[in-house]
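J.: Numbering (this note's numbering), first residue to last: 4 to 248.
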Amino acid sequence: MKLKVLNPDNTGLTKEMIALREKRMKQIARPDTQIDMEVQEKTKICVDSALDVAVTSLELIEKAVQAEKDGYDVIGLYCSGDPAMDAIREAVSIPVIGAGQSSLQIAVGLGQRFSWITSADSDVGPDRTIRKSGIDYSRLASIRSVKVDIATAGSQDQEALLERIAECGRQCMKDGAHVLILGCLVFAGMGPEVSKRLGIPVVDPAYAIVSMAELLYSTGLTHSKRTWPSPGRQTRSWQGGEFFF
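1. How is GLY103 classed by DSSP in three states: helix, strand or coil?
2. Taking C-beta to C-beta, are CYS175 and ARG147 nearer than 7 Å?
3. Quick check: what's the CA-CA separation for LEU218 versus THR225?
4. Run the CB neighbour count on GLY223, radius 10 Å, all protein chains shown included, and call it buried at 16 or more, exposed below.
5. What are the boundary residues of the alpha helix (DSSP H) that includes ILE212?
6. Rank GLU162, GLY15 and VAL77 by C-alpha distance to the C-alpha of ALA102 and give the top, closest one.
7. Taking the alpha-carbon positions, what's the LEU61 to THR36 distance?
8. Tell me the DSSP secondary structure of ALA163 in three-state form.
9. Is the separation between the beta-carbon of PHE247 and that of ALA180 shorter than 7 Å?
10. So, using beta-carbon positions, are ALA191 and ALA163 closer together than 7 Å?
11. If distances are taken between C-alpha atoms only, which option among SER122, PRO204 and ILE100 comes closest to VAL111?
12. May I have the straight-line CA-CA distance separating GLU166 from GLU196, to the nearest angstrom?
13. DSSP puts ASP39 in a beta bridge; with which residues?
14. Rank VAL8, GLY84, GLU25 and GLU93 by C-alpha distance to the C-alpha of SER227 and give the top, closest one.
15. Sort ASP207, SER136, TYR140 and GLY172 by Cα distance to LYS150 and report the nearest one.
16. How about ALA22: is its Cβ closer than 6 Å to a heavy atom in the ligand MN?
17. Give me the residue from GLN115, TRP119 and THR132 with the minimum Cα distance to GLN104.
18. Are the Cβ atoms of LEU63 and LEU9 separated by less than 7 Å?
19. How many whole angstroms separate the CB atoms of ILE109 and ALA211, which I take to be in contact at a CB cut-off of 8 Å?
20. Output needed for ILE21: all residues of its chain with C-beta closer than 8 Å, excluding positions within five of it in sequence on either side, in chain order.
21. Distance check for GLU25 and CYS82, CA to CA, integer angstroms please.
22. Comparing alpha-carbon positions, which option in THR17, TYR220, CYS49 and ASP207 lies nearest SER30?
23. Out of curiosity, what's the CA-to-CA distance linking ILE120 and THR46?
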C-alpha cells in the first residue's frame, strides 16, 4: 500500500523533521506499506484556526488530486482538524483519512467516554471537529490543553513534555475520561508511553492514520460517493497573493 500523508503546516519544517514524522508512522505500519509525507509549497501557514484551514485547503486539494494520479492508494491528513477533508473526498476516489475523525472512531470503540488533549487553547477547533465527526457528543468528557508552543515542541525536553501530557491526562480522567486522544500531531509517537503512565488507552492520531489507511486498503473500502459526490468538471481558478490578518 502507498500512503500519501499531506501535512498542511510547513512553517519551519526541515527535511529531517519530515523524515522523523515518516519514521514514527512507519514504526507501526506493515512491512509493505510505503509512507511519504508532503508539505505545502505554495502556502506558508501554521494551521491553528478555521481561517487557516480555509487558506491551506486549496493546495491540499491540489496535492491530493496529484497523489491519486501518481498511484497512491490512500491519502492521510496530518492534522487533527481534518482540513479540507470533505472537499478532497469529493475530488478523489481513493480513501481519505482524517487524523481527527479516525482517532475519534477508534476512541469510542475503546471506552464509553473520551477526552481530547490539544496543544494550545487556540488550537484549531476540536469542538467543531468532534461535532462534525458524527460521534455522539455526549461521550466527550472534556477538552484540555497542554499549553505548548507547537513550533518549539519538537526541541523541548521530551521527558518533561511527556509528563505534562500525562498530568493533563490525569485531569481528563478526573473529568470522567476512559480514553484519551492526543489531539495534536506534535505529540506523534507519545501515545503508548502516556497510556503506560496512566493505565488507560491513549489514541495517537499519527498512528490512527496509518491503521485506518491499512484497514480500508486491505478491505477494499473507500468513502461513499453518495455522501461525497464528484463535483461537476470545470476550470476553477483563484489568483491571489498574501494577506495579513
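From the three backbone atoms N, C-alpha and C, an ideal C-beta is built for every residue, glycine too.
T.: In brief:
1. Along the sequence shown, one-based indexing puts residue 103 at 100. Helix, per DSSP.
2. Within the sequence shown, residue 175 is the residue found at index 172, counting from 1. Within the sequence shown, residue 147 is the residue found at index 144, counting from 1. In this structure, ARG147 lies closer than 7 Å to CYS175 by Cβ.
3. Indexing the sequence shown from 1 puts residue 218 at position 215. Indexing the sequence shown from 1 puts residue 225 at position 222. Their backbone Cα atoms lie some 10 Å apart in a straight line.
4. Within the sequence shown, residue 223 is the residue found at index 220, counting from 1. Answer is exposed; the Cβ neighbour count stays below 16.
5. The residue labelled residue 212 in the question sits at position 209 within the sequence shown. That run of the alpha helix (DSSP H) goes 208-222.
6. For this step, residue 102 is matched to residue 99 along the sequence shown. If we check each option's Cα against that of ALA102, VAL77 comes out closest.
7. Along the sequence shown, read from residue 1 onward, the residue named residue 61 stands at position 58. Along the sequence shown, read from residue 1 onward, the residue named residue 36 stands at position 33. Spanning the two alpha carbons is a distance of roughly 27 Å.
8. The count along the sequence shown starts at 1 and reaches residue 163 at position 160. Looking at ALA163 - three-state DSSP - the assignment turns out to be helix.
9. Position 244 of the sequence shown, counted from the first residue, corresponds to residue 247. Position 177 of the sequence shown, counted from the first residue, corresponds to residue 180. Against a cut-off of 7 Å, the Cβ pair of ALA180 and PHE247 comes out as no contact.
10. For the purposes of this step, residue 191 is taken as residue 188 along the sequence shown, with counting starting at 1. For the purposes of this step, residue 163 is taken as residue 160 along the sequence shown, with counting starting at 1. Not a contact, by the Cβ cut-off of 7 Å.
11. Here residue 111 is taken as the residue at index 108 of the sequence shown, counted from 1. Nearest C-alpha to VAL111: PRO204.
12. As a first step, residue 166 is located in the sequence shown; it is residue number 163 there, counting from the start. As a first step, residue 196 is located in the sequence shown; it is residue number 193 there, counting from the start. Those two C-alpha atoms are separated by around 10 Å.
13. In the sequence shown, residue 39 corresponds to position 36, counting from 1. Answer is LYS7.
14. Counting from one through the sequence shown, the residue named residue 227 turns up at place 224. Considering only alpha carbons, the answer is GLU93.
15. Here residue 150 is taken as the residue at index 147 of the sequence shown, counted from 1. Comparing Cα positions, the closest option is GLY172.
16. As far as ligands go, the structure on display features none, and thus does not contain the ligand MN.
17. Along the sequence shown, one-based indexing puts residue 104 at 101. The candidate whose alpha carbon is nearest that of GLN104 is THR132.
18. Taking the first residue of the sequence shown as position 1, residue 63 is located at position 60. Taking the first residue of the sequence shown as position 1, residue 9 is located at position 6. Cβ atoms of LEU63 and LEU9: closer than 7 Å.
19. Walking along the sequence shown from the start, residue 109 turns up at place 106. Walking along the sequence shown from the start, residue 211 turns up at place 208. 6 Å between Cβ atoms; contact.
20. Residue mapping note: residue 21 aligns to position 18 of the sequence shown, counting from 1. Around ILE21: ASN10, MET40 and VAL42.
21. Translated into the one-based positions of the sequence shown, residue 82 becomes position 79. Translated into the one-based positions of the sequence shown, residue 25 becomes position 22. Looking at the two C-alpha atoms, the distance is approximately 14 Å.
22. Working through the sequence shown from its first residue, we reach residue 30 at position 27. According to the sequence shown, residue 30 is Gln rather than Ser. Of the candidates THR17, TYR220, CYS49 and ASP207, the one whose C-alpha sits nearest the C-alpha of GLN30 is ASP207.
23. For this step, residue 120 is matched to residue 117 along the sequence shown. For this step, residue 46 is matched to residue 43 along the sequence shown. ILE120 and THR46: Cα-Cα distance of roughly 27 Å.
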